[in-house]
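Participant: What follows is a single structure, and I will ask about it in a moment.
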Amino acid sequence: MNRLVVNPSSPAPWEIQLKDGSNQLGRGDANDFKIPDASVSGSHCQILVGDGIVSIQDLGSTNGTFVNGAPVQEQHLEHGQTIRLGNVEMLFHADTPPPATVAAPAPRMRVAGLSHAPEPAPTAAAMVPPPLAPPLDTHAASSVCKFHPKSPARWFCPKCLRSFCDLCVNAHVNKKTCRACAVECTPLDVAVAAPTETGFLTSLPGAFIYPFRGTGILILIFSTLLFAAMDFISAGIFSILMKIVALGYLFSYMQNIIHATANEETQMPELPGMDDLFGGFLRLAGTVVMSFGLTLGLLVAKFYEVDVPMSAIIISVILGCLYFPMAFLVVAMKDNVLACNPLVVAPAILRVPLPYLVTVVLFASIFGVQQIGNLISSGAGSLTLTTHSGSVFMMALGFKMVWSFIKVYLLTVNMRIMGLLYLTQKEKLGWY
């Protein structure tokens, strides 16, 4: 079936199965296929499928329709071409890729003055077409991608015998090649079942069980020990540097969980590497400054004895708490601190007001529980330094260790909820 892969180079591509006849695309609800992006017009274009020919026609869109980077009004589509509607990129896959053309044999050169015997008529044996090559055995092909187990396999490499999705092969004009072998891949005919729609509210209870699925309990224990070790090392001459490392790794840990949830993975991802700790710290710090910059400014003014009403500081804190979760989510998904600007965050909040309000309430509740636990844990830590009773010392130390584990668990649940917000509302958010 002819199809379009929308945003093929993004972490969350999605697919449009084109039907015979007219397929109208646009941002409006009346279209055959809705593309929720501000750069796409209400009725942007239509794709006509019939008699083995697929053509695209612009419907007077504001930002234009482009095929392989060139603006078009009406044009036939070929397998592998790139289509762009506004800022949304799509990759066209034909029902059957065009057959390879065979060049005609070059005519013999005749030189004047030389005699040539007449070419003999082809014999019956010569007129028999050569035997067809045996069909490629794709029994070794998997139904899912080698590197993305949640994505259906679309291509099969005949050399390394591995199956790939559209994101894991090199795209050329009329073919796809294996990134490891550089061999042309064979398209696979894979039937994809329609995804089951899951609402945000109905998926929330699973967020509290998610950290214990699979090897999640081991990852939680190791994360608890790792973060505790970072906190211990941070008390010294390298305290500032180690605190930056700890916060950078913390951001990578949270981002990993959000990405795994966005890819519909049901188990905890592996712990992140140590290759982008400084970048992770900058993204986390930039998000906090963007969210609570007004509060920080008012507190600085208050420090320098400027008459700032306490009500203004409280209101700025509330606004920052409403802004921060969505700002953090967009930075985690786009991996760019500049994405948390109000032009992106504010419209996203308005597109999903009810799910986001639930997210903010849960986010604040879990954060409040963490702060109460931190106060009790600090008291237990002080008790271990002052008590002379061995039993009291062990109880206080045990409480600190258990609370550190609970704190990592609550953080994981919070990030799972953020990922579920994106997963269930990504069409409305329109970040792709």
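For the sequence shown, the residue numbers in my numbering are 45 to 476. Backbone N, C-alpha and C define an ideal beta-carbon position, used for all residues, glycine too. On a predicted model such as this, the values are computed, not experimentally measured, just so you know.
Kindly indicate which three-state DSSP category R128 falls into: helix, strand or coil?
Facilitator: By one-based count along the sequence shown, residue 128 stands at place 84. Strand at R128.
Participant: Consult DSSP for S283 and reduce its assignment to one of helix, strand or coil.
Facilitator: The residue given as residue 283 occupies position 239 in the sequence shown. It is helical.
Participant: Kindly list the residues whose CB is nearer than 8 Å to the CB of T468, restricted to its own chain and excluding five residues on each side of it in sequence; keep chain order.
Facilitator: Within the sequence shown, the letter at position 424 stands for residue 468. Counting only Cβ-Cβ distances below 8 Å, and skipping sequence neighbours, we find T242, G243, F244, S247 and P399.
Participant: From Y466 to M459, what distance separates their C-alpha atoms?
Facilitator: Along the sequence shown, one-based indexing puts residue 466 at 422. Along the sequence shown, one-based indexing puts residue 459 at 415. C-alpha separation (whole angstroms): 11 Å.
Participant: For a test of the three-state rule: what should DSSP assign to E314, helix, strand or coil?
Facilitator: Mapped onto the sequence shown, residue 314 falls at position 270. DSSP places E314 in coil when its eight states are reduced to three.
Participant: Using a 10 Å radius around the Cβ and a threshold of 16 neighbouring Cβ atoms, would you call G341 buried or exposed?
Facilitator: The residue you call residue 341 lines up with position 297 of the sequence shown. So G341 ends up on the exposed side.
Participant: Between E349 and T339, what straight-line distance do the alpha-carbon atoms span, to the nearest angstrom?
Facilitator: Within the sequence shown, the letter at position 305 stands for residue 349. Within the sequence shown, the letter at position 295 stands for residue 339. Using only the alpha carbons, I get a separation of about 15 Å.
Participant: Tell me, please, whether the stretch 442–455 touches the stretch 407–425 by the rule of three or more beta-carbon pairs shorter than 8 Å.
Facilitator: Output reads yes: the stretch 407–425 touches the stretch 442–455.
Participant: Helix, strand or coil: how does DSSP classify L340 here?
Facilitator: Mapped onto the sequence shown, residue 340 falls at position 296. In this structure, L340 counts as helix in the three-state DSSP scheme.
Participant: Would you mind stating whether T331 and V375 have Cβ atoms separated by less than 7 Å?
Facilitator: Locating residue 331 in the sequence shown gives position 287, counting from the first residue. Locating residue 375 in the sequence shown gives position 331, counting from the first residue. Contact: yes.
Participant: Considering just the uninterrupted stretch of the beta strand (DSSP E) at P115, what are its terminal residues?
Facilitator: For the purposes of this step, residue 115 is taken as the residue at position 71 of the sequence shown. P115 -> beta strand (DSSP E) spans A114 to V116.
Participant: Pop quiz: F200 and C229 are said to be a contact at Cβ under 8 Å. What is the actual Cβ separation, rounded to whole angstroms?
Facilitator: In the sequence shown, residue 200 corresponds to position 156, counting from 1. In the sequence shown, residue 229 corresponds to position 185, counting from 1. That pair is a contact at about 6 Å.
Participant: For the stretch 384–419, list the beta strand (DSSP E) runs that are entirely contained and at least 3 residues long, ordered along the chain.
Facilitator: With a minimum length of 3 residues, no continuous beta strand (DSSP E) run stays inside the stretch 384–419.
Participant: Skipping 5 residues on each side, what residues in its chain have a beta carbon closer than 6 Å to that of F372?
Facilitator: To locate residue 372, count along the sequence shown from 1; it is residue 328. Counting only Cβ-Cβ distances below 6 Å, and skipping sequence neighbours, we find T331.
Participant: According to DSSP, is A303 helix, strand or coil?
Facilitator: For the purposes of this step, residue 303 is taken as residue 259 along the sequence shown, with counting starting at 1. First, the residue type needs correcting, since residue 303 is His and not Ala in the sequence shown. H303 falls in the helix class under three-state DSSP.
Participant: Which term fits C209, buried or exposed, when burial requires 16 or more other beta carbons within 10 angstroms of its beta carbon?
Facilitator: One-based indexing of the sequence shown puts residue 209 at position 165. It is buried - the Cβ of C209 has at least 16 other Cβ atoms within 10 Å.
Participant: Quick one, are the C-beta atoms of P369 and T403 less than 7 Å apart?
Facilitator: Position 325 of the sequence shown, counting from 1, holds the residue named residue 369. Position 359 of the sequence shown, counting from 1, holds the residue named residue 403. The answer is yes: Cβ separation under 7 Å.
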